[in-house]
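A short worksheet on the structure shown next.
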Amino acid sequence: MSYLQTPRLTFSGRFQSDVSTVNNDPNHFNNATFQSSYQDFQDGKNANGWWNPTGTGNFRLIDLKIQSVTYLDGTSTKDPKKDPIIGMNIMDTDSRVAGKMVDLDSQQQMVSEIWGLIVRIGKGDSTYVKGDYEVAAFTNIWFNRSLDKKADSAAAATYQSQIKNLEWDIENVGSRYLKELMQTSKDSLSIQFTVDRYNGDHTSPEFTLGRMVGTIGPVFDEEPVHHIQGRQLFPSVSSVNYAMAIVDEKLSQVVLNFSNSLQFGIAPQAPIDIIDTEGKPETIATAQVGIIENANMTLAINTGTKENPNYVYLGAVNYNEPGWYEKDSGICTFDLSKENLELVQKNPLVILDYSTSQTNSLGLKQSATPMLEERKNYVVADTYVFRMNPEDTAHVKFYATEFGKPLANKSIVVNYDTANLLQGADNPTLGVPLSALIFTPAVKTDENGVAYMELNAADPGNPREFIDGQLYALNYSLEGSFFVDCNPINFISIMVFDKVAKDVIENPKWSDLQPTMQQYSNLYPIMSRGVFKLSNQEVVDKHAEILKFVFGKEVSDPNYMPVTRDLSRDKQQMILNYLEGIINDKQMNEAVAAK
């Protein structure tokens with residue numbers, strides 16, 4: 000149950016995502032029709048290269064400060080005098096290039112991933128904890144999060160992953176929290192953060208910046224990496240979004256994550272003060288909760304039915320307190336009595352609005368209206384984004400639960416669902432041929448509520464012509480339902496790359512590479528205008544050694560080329576073999592000249 004368990008910390012601040020947008024339009028991949036204007040910023044009349052054609056792909060953590068810590072015993076503090084970690088920073092790398100944010104494909108931009116990110120806990124030049132962020136895609140995207148914003152700026156999404164390969168240097172920090180965290184989870188940490196209020200206006204000084212709140216906690220064995228094996232609450236009204244909770248039996252608590260559940264932005268809220276590591280107040284700007292600002296949100300247990308509820312009230316959600324979101328990252332904790340701990344094990348959680356009322360099926364007046372409700376059963380695919388080459392095999396790991404406990408011996412049904420992709424419902428070139436992606440249509444959970452589905456990839460045969468490979472989408476549900484016991488946003492996305500003939504891979508000519516290199520030259524104007532014009536054979540041959548170095552890097556490396564990770568295994572090897580041939584010829588010519 001990871002980041003919602005103790006010891007955990009919360010942080011808030013900003014992030015930067017300098018993504019390139021030339022490749023957001025699938026038509027820009029067509030070399031035959033590409034226009035130079037596609038590398039320019041959009042204007043009032045023309046989409047051109049959309050809102051950031053010169054983006055680098057860099058993803059950075061900006062001004063993130065730790066706001067609170069919760070210890071193993073469940074007690075918390077926001078006072079740096081009690082724990083010096085309060086006011087310290089969550090930072091990215093100090094020794095290499097930034098991590099990268101990229102889409103899976105121009106026709107699947109709803110699972111943008113972060114690659115090659117380093118996460119550090121420290122202050123100034125001092126690093127106390129450092130590790131590698133495991134690649135993750137966002138989920139639970141919500142386009143109506145900020146009511147005062149438009150388009151992407153109004154959206155929010157969440158990331159959950161783990162920080163691995165940890166290095167600790169906390170001996171002289173004097174932080175109780177860091178000591179408990181290291182004792183509890185020395186090898187890896189769980190991290191979840193929500194991003195929203197992104198600025199896509201290239202004329203603004205805040206361009207490519209957005210808001211971030213997040214939580215870091217421990218990792219325990221046999222738990223999901225990118226999701227919580229806990230209690231999923233589904234929205235009952237349009238003004239809220241999904242929420243996640245756990246029941247901590249040891250501490251007799253319910254812990255709720257509302258970081259991407261409530262709307263913001265009716266009007267700016269007065270700035271609030273937080274305390275920095277020197278004990279001095281520091282003012283930060285906030286945005287108040289929006290359309291539900293007058294709702295009396297309360298957590299309850301429903302011991303009745305959906306039609307005839309019987310609510311046991313656990314406490315109010317104090318979301319209207321100044322700076323609640325930035326200080327607590329949307330995390331709320333509720334203590335449970337012994338009786339209520341027993342009740343919550345076998346009954347659903349519900350978030351109610353006391354400010355409204357409704358009549359149930361018996362004609363009795365209820366004093367509250369549900370805003371979010373838990374369903375008894377839930378299933379989720381932990382990894383839901385895949386890049387595959389022909390003849391690759393991958394596995395999807397499902398977790399099924401009943402009120403947060405493993406749901407054993409339950410069938411999970413999987414189906415093709417191309418309509419989920421961008422323009423998928425109206426695009427016959429997507430999701431075909433079906434023979435290029437074979438999967439097990441039904442799998443059954445074990446005693447731990449876990450099930451594995453095998454994916455097998457074959458050559459799709461270039462159905463999209465000027466875009467390599469094919470996109471597939473799969474939905475899943477518990478047997479007997481259709482996207483009822485799961486979050487439908489979390490469908491599975493798969494890219495299957497095209498196969499290249501063996502003789503072309505082994506003995507490539509420039510004409511074999513040219514279409515791919517031309518695409519990269521078109522789609523990366525910051526590269527072609529300022530560094531290498533990849534469409535030019537003379538330029539490529541001249542810089543063969545450095546290009547071989549970057550094209551040969553591991554895909555997880557932030558310096559990997561191309562940044563979009565849309566280069567197939569076969570084409571990568573073809574490019575490397577070509578560059579190796581150029582290097583060998585150059586060395587041979589130099590050796591002959593030396594004689």
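Numbering (numbering that gives the first Met the number 0), first residue to last: 0 to 594.
Here a beta-carbon is modelled for each residue, glycine too, at the ideal position from N, C-alpha and C.
A quick note: this is a predicted structure, and the numbers were derived from the prediction, not measured.
Taking residue 318 as reference, the option from 312, 307, 297 and 303 with the minimal CA-CA separation is 297. Counting the other Cβ atoms within 10 Å of the Cβ of residue 497 gives 16 or more, which makes it buried. Distance between residue 62 and residue 218, taken at the CA atoms: about 25 Å. Residues 117 of the same chain have their beta carbon placed closer than 6 Å to that of residue 92, with the five preceding and five following residues left out of the count. Short of 7 Å from the beta carbon of residue 233, and not among the five residues preceding or following it, lie these beta carbons of its own chain, in chain order: 241, 371, 372 and 374. Residues 191 and 225 of the same chain have their beta carbon placed closer than 6 Å to that of residue 159, with the five preceding and five following residues left out of the count. Scanning 175, 348, 137 and 585 for the CA closest to the CA of residue 253 turns up 348. Taken atom to atom, the span from the alpha-carbon of residue 447 to that of residue 228 is near 11 Å. In the DSSP assignment, residue 114 falls within the unbroken beta strand (DSSP E) covering 112-114.
Contact between residue 17 and residue 54 holds: their C-beta atoms lie close to 5 Å from each other, under 8 Å. Rounded to the nearest angstrom, the Cβ distance from residue 193 to residue 259 is 5 Å, consistent with a contact under 8 Å. Taken through DSSP and simplified to helix, strand or coil, residue 183 comes out as helix. Between the beta-carbon of residue 495 and that of residue 456 there is about 5 Å, and that keeps the pair under the 8 Å contact cut. Scanning its chain for C-beta atoms nearer than 7 Å, with the 5 sequence neighbours on each side dropped, one finds around residue 302 the residues 309, 311, 342 and 346, in chain order. Residue 563 holds the alpha-carbon nearest to the alpha-carbon of residue 386 among 563, 28 and 8.
Residue 576 carries a helical assignment under DSSP once its states are collapsed to helix, strand and coil. With respect to the 8 Å criterion, residue 384 and residue 475 are not classified as neighbours on the basis of their beta carbons.
Counting along the chain, the unbroken alpha helix (DSSP H) around residue 545 starts and ends at 543-550. Residue 431 sits away from residue 399, with the two beta carbons spaced by 8 Å or more. Distance from the CA atom of residue 500 to the CA atom of residue 568, rounded to whole angstroms, is 12 Å. Leaving aside the five residues that flank residue 150 on each side, the residues in its chain whose CB is nearer than 8 Å to its CB run, in chain order, 199.
When the Cα atoms are used, residue 565 and residue 170 turn out to be separated by approximately 43 Å. A distance below 8 Å between beta-carbons, with the five flanking residues on each side excluded, links residue 547 to the following residues of its chain, in chain order: 575, 578, 579 and 582. In the same chain as residue 478, and ignoring 5 residues on each side of it, the C-beta atoms closer than 6 Å to its own belong to 410 and 412, in chain order. DSSP, read as helix, strand or coil, puts residue 138 in strand. When only Cα atoms are considered, residue 37 and residue 48 end up about 4 Å apart. Secondary structure at residue 455: strand, using DSSP grouped into helix, strand and coil. Sequence-distant partners of residue 107 (beyond 5 residues in either direction) whose C-beta falls short of 8 Å from its own C-beta, in its chain, are 420, 421, 470, 472, 492 and 494. Excluding five sequence positions before and after residue 7, the CB atoms of its chain that fall closer than 7 Å to its own CB belong to 69, 214, 215 and 216, given in chain order. Only buried fits residue 324, as 16 or more other CB atoms lie within 10 angstroms of its CB. Taking the C-beta atoms as reference points, residue 65 is found no nearer than 8 Å to residue 174.
Pairing residue 163 with residue 130 gives a Cβ-Cβ distance under 8 Å.
Looking at the DSSP output, residue 394 shares a beta bridge with 453.
Straight through space, the alpha carbons of residue 382 and residue 451 are spaced by roughly 11 Å.
Excluding five sequence positions before and after residue 166, the CB atoms of its chain that fall closer than 6 Å to its own CB belong to 129, given in chain order. Residue environment for residue 320: exposed (fewer than 16 other C-beta atoms within 10 angstroms of its C-beta).
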